[in-house]
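Notes for the one structure printed next.
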Amino acid sequence: SNKKVINIHIQNPKVSFKNFDFIVVPEHDGITGENVINTKGAIHYLSEQEIHANKDYLSSFIKKDERKVITLIIGGPTKYYDYSTENVEKIFNNLKNLVEKNNFQLVVIPSMRTPESIINYAKEFFRENHTIIESVDKKAYLSALAISEYIVVTCDSSSMISEAALTGKPIYIANIKPKKNDKRFQKFRNLFKELNITRNLGEHLEIWNYPKLDETNRVANIIKPKIKS
6 SNKKVINIHI QNPKVSFKNF DFIVVPEHDG ITGENVINTK GAIHYLSEQE IHANKDYLSS
66 FIKKDERKVI TLIIGGPTKY YDYSTENVEK IFNNLKNLVE KNNFQLVVIP SMRTPESIIN
126 YAKEFFRENH TIIESVDKKA YLSALAISEY IVVTCDSSSM ISEAALTGKP IYIANIKPKK
186 NDKRFQKFRN LFKELNITRN LGEHLEIWNY PKLDETNRVA NIIKPKIKS
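Residue numbers for the sequence shown follow my numbering, beginning at 6 and rising by one.
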């Protein structure tokens, strides 16, 4: 058959752009070109339908009381960010104060990069009054995105911050002081702050909203008509 093959590359290909029909890269990478499509944040595979479909998954895990839910999504150590006890304790203390002051229950969701020691520390720190999901569980992650009033994401994961932005809910960034220059991540976080998607985790919980960010669909709608032509 004479079907046309379309070559799309996500992220910087590091080889000649001429090898691809489309290159889809985050705006904060600062790459441009006539076949380059820039995205706000990282491209991901989550959909609103999937989040909604898993809404009830956590109902058997979380505490049966009147408290609303705030979720902490934890990344893990990278060459830029150190998950030292001191750094993690700072984030945990901040959250403990917020949940107590505002009568929230906390759900902690680990990711592939989260060290087991951090999960154990969270269990020890927050005790029985909150919910710590102990292993990587996509359904728990989706359910938490669906039921939370607030979402807190550690600063090391552009992809999880981008995924959370699909909800339109307030997202707080839990910052860790970088070990080395993290200007690419800073650019990304500044962009999301300007878009009114995120704020830095601090002493207070504020209410704000923004148009849900669904860059995967937006990019698909740019590419589809071009493929047909």
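Where a beta carbon is used, it is the ideal one built from N, C-alpha and C, also for glycine. These numbers come from a predicted model, not from an experiment.
Could you check whether alanine 179 and leucine 206 sit closer than 8 Å to each other, using their CB atoms as the reference points? Here residue 206 refers to the residue found at position 201 when the sequence shown is read from its first residue. Here residue 179 refers to the residue found at position 174 when the sequence shown is read from its first residue. Contact: yes.
Select from Arg189, Thr37 and Tyr126 the residue whose C-alpha is nearest the C-alpha of lysine 23. As a first step, residue 23 is located in the sequence shown; it is residue number 18 there, counting from the start. With distances taken between Cα atoms, lysine 23 lies closest to Thr37.
By a C-beta neighbour count over all protein chains shown, 10 Å radius and 16 as the cutoff for buried, is serine 148 buried or exposed? Here residue 148 is taken as the residue at index 143 of the sequence shown, counted from 1. Buried, because 16 or more other Cβ atoms sit within 10 Å of the Cβ of serine 148.
Which residue's Cα is closest to the Cα of aspartate 187: Asp161, Thr172, Leu218 and Tyr177? The residue you call residue 187 lines up with position 182 of the sequence shown. Here the closest residue by C-alpha is Asp161.
Less than 6 Å between C-beta atoms, sequence neighbours within five positions excluded: which residues of the same chain meet that for phenylalanine 197? Position 192 of the sequence shown holds residue 197. Once the five neighbours on either side are set aside, the close Cβ partners of phenylalanine 197 are Thr203.
Going straight from the alpha carbon of phenylalanine 109 to that of lysine 69, what length do you get? As a first step, residue 109 must be located in the sequence shown, where it is residue number 104. As a first step, residue 69 must be located in the sequence shown, where it is residue number 64. C-alpha separation (whole angstroms): 12 Å.
Anyone know if the C-beta pair for isoleucine 156 and threonine 172 falls short of 8 Å? In the sequence shown, residue 156 corresponds to position 151, counting from 1. In the sequence shown, residue 172 corresponds to position 167, counting from 1. Closer than 8 Å, so yes.
Does the beta-carbon distance from leucine 150 to alanine 169 come in below 8 Å? Counted from its first residue, the sequence shown places residue 150 at position 145. Counted from its first residue, the sequence shown places residue 169 at position 164. Yes; because the gap between Cβ atoms is below 8 Å, this pair is in contact.
Going by beta-carbon coordinates alone, are leucine 100 and leucine 63 separated by less than 8 Å? Residue 100 sits at position 95 when you count from the first residue of the sequence shown. Residue 63 sits at position 58 when you count from the first residue of the sequence shown. Not closer than 8 Å, so no.
Backbone secondary structure at isoleucine 156 - three-state DSSP: Residue 156 sits at position 151 when you count from the first residue of the sequence shown. In this structure, isoleucine 156 counts as strand in the three-state DSSP scheme.
Starting from the C-beta of lysine 128, find all residues in its chain whose C-beta is less than 6 Å away, skip the five residues before and the five after it, and write them out in chain order. Here residue 128 refers to the residue found at position 123 of the sequence shown. Answer for lysine 128: Ile137, listed in chain order.
Since isoleucine 123 and threonine 159 are thought to touch, with beta carbons under 8 Å apart, how far apart are those beta carbons, to the nearest angstrom? Here residue 123 corresponds to residue number 118 of the sequence shown, with the count starting at 1. Here residue 159 corresponds to residue number 154 of the sequence shown, with the count starting at 1. Rounded, the Cβ-Cβ distance is 10 Å, inconsistent with contact.
Cross-strand partners of threonine 221 (DSSP beta bridge): Sequence index remark: in the sequence shown, residue 221 carries index 216 (1-based). None, per the DSSP bridge assignment.
Between threonine 83 and isoleucine 166, what straight-line distance do the alpha-carbon atoms span, to the nearest angstrom? One-based indexing of the sequence shown puts residue 83 at position 78. One-based indexing of the sequence shown puts residue 166 at position 161. Cα to Cα, threonine 83 sits roughly 16 Å from isoleucine 166.
Best match in Tyr146, Glu121, Lys233 and Leu111 for proximity to phenylalanine 131 [C-alpha to C-alpha]: Numbered from its first residue, the sequence shown carries residue 131 at position 126. Residue Leu111 is the option with its Cα nearest to phenylalanine 131.
State the DSSP-derived secondary structure class of alanine 47, mapped to helix, strand or coil. Numbered from its first residue, the sequence shown carries residue 47 at position 42. Of the three classes helix, strand and coil, the one that applies to alanine 47 here is coil, per DSSP.
Taking the alpha carbon of asparagine 214 as the point to measure from, which residue in Ile28, Lys106, Tyr85 and Lys174 has its own alpha carbon closest? If you number the sequence shown from 1, residue 214 lands on position 209. That would be Lys174, whose Cα lies nearest to the Cα of asparagine 214.
Let me confirm a value: tyrosine 86 is counted as buried when at least 16 other C-beta atoms fall within 10 Å, else exposed. Which label applies? Within the sequence shown, residue 86 is the residue found at index 81, counting from 1. So tyrosine 86 counts as buried.
Assign tyrosine 126 to one of three DSSP states: helix, strand, or coil. Counted from its first residue, the sequence shown places residue 126 at position 121. Helix, per DSSP.
Spatial neighbours of lysine 192 within its chain, please: CB distance less than 6 Å, with the 5 preceding and 5 following residues excluded, ordered by chain position. For the purposes of this step, residue 192 is identified with residue 187 of the sequence shown, where counting begins at 1. So the list reads His33, once near-sequence residues are dropped.
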